[in-house]
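Working notes, structure below.
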Amino acid sequence: MNLIDQIKQSAANFLKREFNHDIASDQLQIDATRKEFKGDYTLVVFPFVKVMRTRPEDAGEKIGAYLKAQIDDIDGYNVIKGFLNLELSPAFWIKTLAEKVSSNNWLEPAKQEETILVEYSSPNTNKPLHLGHLRNNFLGYAVSLMNAYTGKRVVKIQIINDRGVHICKSMLAWKMHGKGETPSDTDTKGDKLVGKYYVLFDQHYRAQVAKLVNDGMSEEQANKEAPLQKQVQEMLLQWEQGDPEVVDLWKKMNGWVYEGFDATYERMGVEFDHLYYESDTYSKGKDIVLRGLEKGIFFKKDDGSVWVDLSEDGLDQKLLIRADGTTVYMTQDIGTAVQRYEDYPDLKQIIYTVGDEQDYHFKVLFLILEKLGYAWAPACRHLSYGMVDLPSGKMKSREGTVVDADDLMEEVVAAAKASSEEKGKLDEMSDEEQEALFEMLGIGALKFYLLRVDPRKRMMFNPEESVSLNGDTGPFVQYTYARCKAVLRKAGNYQKQLESTSLEDKERGLLKALMDFRPMADAAAAEMNPSAIANYCLDIAKLYNQFYHDHPILKAEGAVRDVRLALTEITADTLRTAMGLLSIGVPERM
RNA sequence: GGCCCCGUAGUUCAAUGGAUAGAAUAGAAGUUUCCUAAACUUUAGAUCCAGGUUCGAUUCCUGGCGGGGCUACCA
1 MNLIDQIKQS AANFLKREFN HDIASDQLQI DATRKEFKGD YTLVVFPFVK VMRTRPEDAG
61 EKIGAYLKAQ IDDIDGYNVI KGFLNLELSP AFWIKTLAEK VSSNNWLEPA KQEETILVEY
121 SSPNTNKPLH LGHLRNNFLG YAVSLMNAYT GKRVVKIQII NDRGVHICKS MLAWKMHGKG
181 ETPSDTDTKG DKLVGKYYVL FDQHYRAQVA KLVNDGMSEE QANKEAPLQK QVQEMLLQWE
241 QGDPEVVDLW KKMNGWVYEG FDATYERMGV EFDHLYYESD TYSKGKDIVL RGLEKGIFFK
301 KDDGSVWVDL SEDGLDQKLL IRADGTTVYM TQDIGTAVQR YEDYPDLKQI IYTVGDEQDY
361 HFKVLFLILE KLGYAWAPAC RHLSYGMVDL PSGKMKSREG TVVDADDLME EVVAAAKASS
421 EEKGKLDEMS DEEQEALFEM LGIGALKFYL LRVDPRKRMM FNPEESVSLN GDTGPFVQYT
481 YARCKAVLRK AGNYQKQLES TSLEDKERGL LKALMDFRPM ADAAAAEMNP SAIANYCLDI
541 AKLYNQFYHD HPILKAEGAV RDVRLALTEI TADTLRTAMG LLSIGVPERM
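In terms of the numbering used here, the first sequence is residues 1 to 590.
Below, the structure is given as structure tokens:
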């Protein structure tokens, strides 16, 4: 049991013994003491006051005296208003530091038990990945790593939206205007080439619509009547009927897209364990819905369409099967969820990384799954994240304001390179090492920029800030790590069986923050919140840099030097581990 | 219209209901014969408005105001 739990336990025991009262565990609150007060940890005594029927100051005094008597590591205490500040002994801190620096397993991942699925990315195959996909992928991948670290067996998946009318648009445009162009003979990335034809379709289509409207047709009707619209519908029908020519074209163009995506994913540093394709799963779910209909969970309208009524749950009615018997997105999602549990029978949870514009969709999906009686339904979660805005406003593909993922990664790496060369510290590195470093710094900066904001919140993407390497950035943390490693290289071996000595305030503050890594990581994983990890890394880096600035390490002597080196070492280990959970690498030198 | 989310320094972000609301950036002023100055220090600057619950509210509740999203037999 760690010390904080011990203190909580002891405080609860006090109340039980003296007042025969059981305090709820959520009433026991212990925080790190704010730096303007003396002490290390603070117990909030207000919850005790009612039971003890005394003033907060008295209550604090009594609890403090009891805790000091009970727990050896507590050296003293003070009470300010309703806050009991506990002071821990120097020996406790040295002991804690020595344990961490001498055992190399305190940062090991927890044992992986429950199996969970994390879905992210899940792009359409008609256009390249953009900034929004970057936030999605970085979030989903980080949440996967965090859960794997804190004790889940994580299967990383995506469902690729490889079919449907949007794919046919690219196909049709290529067929009409492509002249047989391929990625290799145009030296174009496959996803970019297909995206080009998607845009081309849209241009021609809108021209047709405009002409029809000009000729007196209503816009709504023109949208339906445009020849290209009819052709694309026809093509979708051919695809569904398995027309060999259409299917071949579909396979060919999707293949191009996958090659392009693979290159993008590789540079992003994300990966998947299991790919699902919508073309395999889009018809699933219908049977499940029909069985639900028999059981009376759903109902049928006169035209034969099948609906679910969620008005008792505060929502409305939702279509599940069209009058013509075809399925909608919701039906497919029901099918794929069930499919996944069939694929992974010991599955405990699915996390869906999908933008918050689909909050309602997932609310409905989870409710339907519950109504269908699947025991695992309540464990499903929607990792809902906010859109990424640009200084110019929303990203809109029509207006060409979409930030392309590949271009952006290229830019941030170029910025890292320019900045590194300006500093000129890399003379000893080979060209390959330098290139690898620029990649690590640039991509790291981008990931950190997108991950340090609470996922649930909409965020602003400022291109200039995203390539900046100063301030609250990934490179700041990476720099701190490299700084630690430089010190450790120069120090060589040192005595890790630390002798007793006192600690400076900045040393103790840093150590205290480092001790908080596990609980922080557990909470972040449970909340699916990588930003908590990013902000923790910034805290640690700031604390270390302040300590580094104020106290000489290599020039110190004896036990003091050993302590400072030990702190440096566990700071580096913690930063590397924490950044690793965000899939951001840290360099030995920079 | 109905439902959901969000309003914190000039700007971008923090703060399980806890002490004097923290950072970064932009602004002003400093620190290097010394372990990596991509650093550090000082300075100025904010909880949309009005009520309520509470020992205590940026946080919870109600009502405004402002912004965004969802509300398709689209995916």
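Virtual Cβ for every residue (Gly too), placed ideally from N, Cα, C.
Keep in mind that this is a model prediction, so the values were computed, not measured.
Given HIS274, which residues of its chain have a CB within under 7 angstroms of its CB, disregarding the five upstream and five downstream residues?
Excluding positions up to five away in sequence, the list reads VAL155, ILE157.
Got a sec? Which residues, its chain only, sit under 7 angstroms from ALA377 by beta carbon, not counting five neighbours each side?
Shown here for ALA377: same chain residues with a beta carbon closer than 7 angstroms to its own, the five before and five after excluded, namely PHE366, LEU369, GLU370 in chain order.
Assuming contact is defined by CB atoms lying nearer than 9 angstroms, are LEU107 and GLY164 in contact in what I supplied?
No. Outside cutoff.
Threshold first: 3 residues or longer. Then list the beta strand (DSSP E) segments lying entirely within the segment 102 to 156, N to C.
The segment 102 to 156 contains these whole beta strand (DSSP E) runs: 115 to 119.
Pull up the CB-CB distance for VAL289 and ILE334, whole angstroms please, since I reckon it's below 8 angstroms.
Indeed they touch by this definition, with Cβ atoms about 7 angstroms apart.
Roughly how many whole angstroms lie between the Cα atoms of GLY424 and LYS284?
When rounded, the separation of the alpha-carbon atoms in GLY424 and LYS284 is 58 angstroms.
Could you tell me which residues DSSP pairs with HIS274 in its beta bridges?
According to DSSP, HIS274 bridges with ILE157.
What is the rounded straight-line gap between the Cα of VAL412 and the Cα of ASN470?
Whole-angstrom Cα-Cα distance: 13 angstroms.
First and last residue of the alpha helix (DSSP H) that includes SER170?
Per DSSP, SER170 belongs to the alpha helix (DSSP H) from 165 to 177.
VAL289, DSSP secondary structure in three states
VAL289: helix per DSSP, three-state reduction.
Identify the residues that DSSP records as bridge partners of GLY355: which are they?
Note: GLY355 sits in a beta bridge opposite TYR385.
For LEU498 versus VAL563, is the C-beta distance shorter than 9 angstroms?
Taking 9 angstroms as the Cβ cut-off, LEU498 and VAL563 qualify as a contacting pair.
Using a threshold of 9 angstroms, state whether the C-beta atoms of MET515 and ALA532 are closer than that.
Judged by their CB atoms, MET515 and ALA532 are not nearer to each other than the 9 angstroms cut-off.
Let me check understanding here. Comparing Cα to Cα, which of PHE547, ILE584, LYS512 lies closest to LEU145?
It is ILE584 whose Cα lies nearest to the Cα of LEU145.
Use the C-beta contact count for SER121: other C-beta atoms within 10 angstroms, 16 or more gives buried, fewer gives exposed.
With a threshold of 16 other beta carbon atoms within 10 Å, SER121 meets it and is buried.
On the CB-based measure, 16 or more other CB atoms within 10 Å of its CB, does GLN332 come out buried or exposed?
Of the other Cβ atoms in all chains shown, 16 or more fall within 10 Å of the Cβ of GLN332; this residue is therefore buried.
Quick one: what does DSSP say GLY195 is sitting in, helix, strand or coil?
The answer is helix: DSSP assigns GLY195 an H, G or I state.
Can you name, in chain order, every residue of its own chain whose Cβ lies under 8 angstroms from the Cβ of VAL453, other than the five neighbours on each side?
Closer than 8 angstroms at the Cβ level, and outside the excluded window around VAL453, lie MET459, SER531.
List the endpoints of the continuous alpha helix (DSSP H) containing THR331.
Unbroken alpha helix (DSSP H) run through THR331: 329 to 343.
Can the beta-carbon of LEU191 be found closer than 9 angstroms to that of LYS169?
In the sequence under discussion, the amino acid at residue 191 is Asp, which differs from the Leu named in the question. Result no, Cβ atoms of ASP191 and LYS169 do not sit closer than 9 angstroms.
Once you ignore the five residues that flank ALA591 on each side, which residues in its own chain have a CB closer than 6 angstroms to its CB?
Absent from the structure is residue 591, since the part of the chain shown begins at 1 and ends at 590.
Ignore the nearest five residues each way along the sequence and tell me which others in ARG340's own chain have a CB closer than 7 angstroms to its CB.
Contacts found: LEU117, LEU347, ILE350.
Would HIS592 be called buried (16 or more neighbouring beta carbons within 10 Å of its own) or exposed?
This structure cannot speak to residue 592, because the chain is shown only from 1 to 590.
Taking the runs of the alpha helix (DSSP H) that are 4 residues or longer, which of them lie wholly in the segment 230 to 282?
Qualifying alpha helix (DSSP H) stretches, in chain order: 244 to 268, 278 to 281.
Please classify LEU320: is it buried, with 16 or more other beta-carbons within 10 angstroms of its beta-carbon, or exposed?
Residue environment: LEU320 is assigned as buried (16 or more neighbouring CB atoms within 10 Å of its CB, all protein chains considered).
Determine the closest residue to ASP406 out of ASN20, PHE362, LEU131, with distance taken between C-alpha atoms.
The shortest CA-to-CA distance from ASP406 to any of ASN20, PHE362, LEU131 is the one to LEU131.
Starting from VAL51, follow the alpha helix (DSSP H) in both directions and report where the run begins and ends.
Counting along the chain, VAL51 sits inside the alpha helix (DSSP H) bounded by residues 46 to 52.
Rounded separation between ALA578 and TRP239 - CA only
If I take the Cα positions, the gap works out to 47 angstroms.
Which residues in the same chain have their Cβ closer than 6 angstroms to the Cβ of ALA98, if we skip the five residues on either side of it in sequence?
Take ALA98, set aside five residues on each side of it, and the residues of its chain with a beta-carbon closer than 6 angstroms to its own are LEU498, in chain order.
Looking at the structure shown, is ILE368 part of a helix, part of a strand, or coil, going by DSSP?
Helix, per DSSP.
4 or more residues per run - each alpha helix (DSSP H) lying fully within the segment 481 to 549:
Whole alpha helix (DSSP H) segments, 4+ residues: 505 to 515, 517 to 526.
Return the bridge partner residues of ALA32 from the DSSP annotation.
As computed with DSSP, ALA32 is found in a beta bridge with TYR41.
Rounded straight-line distance, which links the Cα of PHE83 to that of LEU3
Note on geometry: alpha-carbon atoms of LEU3 and PHE83 lie some 18 angstroms from one another.
So, using beta-carbon positions, are ALA524 and PHE448 closer together than 9 angstroms?
Contact flag unset, no.
Who does TYR77 pair with in a DSSP beta bridge?
Here TYR77 is bridged, per DSSP, to LEU86.
Candidates PHE37, GLU432, ASP356, LYS252: which alpha carbon is nearest LYS457's?
Looking at the Cα atoms, ASP356 is the closest of the given residues.
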